[in-house]
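A.B. asks:
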Amino acid sequence: MPITATKLRTIPFFKGIDPALFDRVLPYVQEKVYRKGAIIFLEGSEGDEIYFILSGSVSIHTINKSKKVVLAFFHEGDYFGEMALIKPGLVRSATAETASQTRLLSLRRSHFQLLFENDRNLLHYLVEDTMNRLRKANQQIYDLTFLSVRSRIIKRLATWCEEYGGASDPAAPVRIPIKLTHQQLADMVGAVRETVSKVLQDMQDEDLIQIQQKMIQVNDRTRLEKLLDHDI
């Protein structure tokens, strides 16, 4: 279905685009709705679209020795699928799957390139963001290799606290607005569900976290970060 300018402007990527260029691209942006657990694209498939999240959440994962490993978790305002648009013929490096009912905006390669041809600042923004994602991927490899499952979970929670807690009091509780099963969190930290469940229960017993309706609340960010520094 066609997308309105108001909706498109809610995506951070499009906010700084010149109005004239914005109007040229708008007719080519399409809105798509996916149910929870739907596959948007598969690893190894040829890519021709970039996606922007209007609502919902998407996990990016790969399979390593028959084990699912979540590489990234995107939510409202994020984009993904950009790497396969750099050069025709490149394939998707991972699988994208919705973690909840999700509304996406999509833009094909030819129309996406129109943005870069007319606004070089967007290319700089994309390269900078891609490099940041690469640094996170390298850090994830390190974590999977050297950190315990408990440390990986604490680090993931600390990252979310920084993202969702903002500049709030470091000692104030932070509710992470993402509904996650123990299996989904296990996929993110590269562990088995039973181990993750035990770690989460231990953290609740220690009053580090609370879990309600599959959402985690970190009770004290400062204490959590001190534990992370100690474990690492």
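End of the sequence shown = 231 in numbering that gives the first Met the number 0, gap-free, step of one. Even glycine gets a Cβ: it sits at the ideal position worked out from N, Cα and C. Since we're looking at a predicted model, the values are computed, not measured.
Could you spell out the range, first to last residue, of the alpha helix (DSSP H) harbouring Tyr163?
C.D. replies: Reading the sequence shown from its first residue, position 164 is the one you call residue 163. First-last of the alpha helix (DSSP H) with Tyr163: Val148 to Gly164.
A.B. asks: Should Lys239 and Leu227 be called a contact, given that it needs their Cβ atoms to be closer than 8 Å?
C.D. replies: Residue 239 lies beyond the stretch modelled for the chain, which goes from 0 to 231, so this question has no answer here.
A.B. asks: Run through the DSSP bridge pairs and tell me what Ile52 is partnered with.
C.D. replies: Mapped onto the sequence shown, residue 52 falls at position 53. DSSP, once it has assigned bridges, lists Leu103 as partnering Ile52.
A.B. asks: Distance, Cα to Cα, Val148 vs Gly43?
C.D. replies: Looking up residue 148 in the sequence shown gives position 149. Looking up residue 43 in the sequence shown gives position 44. Computed Cα separation, rounded: 29 Å.
A.B. asks: Given a cut-off of 8 Å on the beta-carbon distance, is the pair Met80 and Ala98 in contact?
C.D. replies: The residue labelled residue 80 in the question sits at position 81 within the sequence shown. The residue labelled residue 98 in the question sits at position 99 within the sequence shown. In the sequence under discussion, the amino acid at residue 80 is Gly, which differs from the Met named in the question. Not a contact, by the Cβ cut-off of 8 Å.
A.B. asks: Just list the beta strand (DSSP E) runs in the stretch 185-231, keeping only unbroken ones of 3 residues or longer that don't cross its boundaries, in chain order.
C.D. replies: Taking only runs of at least 3 residues, the beta strand (DSSP E) segments lying wholly in the stretch 185-231 are 208-211 and 214-217.
A.B. asks: When you compare each of Gln216, Leu223 and Val90 to Gly249 by their alpha carbons, which one comes out closest?
C.D. replies: What is shown of the chain runs 0 to 231, which leaves residue 249 out entirely.
A.B. asks: Kindly indicate the opening and closing residues of the beta strand (DSSP E) around Thr5.
C.D. replies: Counted from its first residue, the sequence shown places residue 5 at position 6. No beta strand (DSSP E) holds Thr5; the alpha helix (DSSP H) holding it covers Ala4 to Leu7.
A.B. asks: By Cβ distance, which residues of its chain are closer than 6 Å to Leu238, with the 5 residues on each side in sequence left out?
C.D. replies: Nothing in the structure corresponds to residue 238, since the chain is present only between 0 and 231.
A.B. asks: Between Ile175 and the rest of its own chain, which residues show a CB-CB distance below 8 Å, the 5 nearest in sequence each way excluded?
C.D. replies: One-based indexing of the sequence shown puts residue 175 at position 176. If we look at Ile175 and ignore the five residues flanking it on each side, its Cβ neighbours are Leu156, Trp159, Cys160, Tyr163, Met214, Ile215, Gln216 and Val217.
A.B. asks: Which partner residues of Ile72 appear in the DSSP bridge assignment?
C.D. replies: As a position in the sequence shown, residue 72 is number 73, starting the count at 1. For the record, residue 72 in the displayed sequence is Phe; it is not Ile. Ser58.
A.B. asks: Would the beta-carbon of Phe21 fall within 8 Å of that of Phe12?
C.D. replies: The sequence position of residue 21 within the sequence shown is 22, counting from 1. The sequence position of residue 12 within the sequence shown is 13, counting from 1. Contact flag unset, no.
A.B. asks: Note down, in chain order, each residue of its chain lying with its Cβ closer than 6 Å to the Cβ of Ile273, except the 5 sequence neighbours on either side.
C.D. replies: With the chain covering 0 to 231 only, the question about residue 273 has no answer from this structure.
A.B. asks: Looking only at DSSP bridge pairs, what is Glu116 linked to?
C.D. replies: Numbered from its first residue, the sequence shown carries residue 116 at position 117. According to DSSP, Glu116 bridges with nothing at all.
A.B. asks: Can you give the Cα-Cα distance for Asp17 and Arg108, rounded to whole angstroms?
C.D. replies: If you number the sequence shown from 1, residue 17 lands on position 18. If you number the sequence shown from 1, residue 108 lands on position 109. Computed Cα separation, rounded: 19 Å.
A.B. asks: Looking at the structure shown, is Arg174 part of a helix, part of a strand, or coil, going by DSSP?
C.D. replies: For the purposes of this step, residue 174 is taken as residue 175 along the sequence shown, with counting starting at 1. Strand at Arg174.
A.B. asks: Does DSSP put Ala136 in a helix, a strand or coil?
C.D. replies: The residue you call residue 136 lines up with position 137 of the sequence shown. Three-state result, Ala136: helix.
A.B. asks: Would you grab the beta carbon distance between Phe72 and Met187 for me? Rounded to a whole angstrom, and I think it's under 8 Å.
C.D. replies: As a working mapping, residue 72 is identified with position 73 in the sequence shown. As a working mapping, residue 187 is identified with position 188 in the sequence shown. So it is a contact: roughly 7 Å between Cβ atoms.
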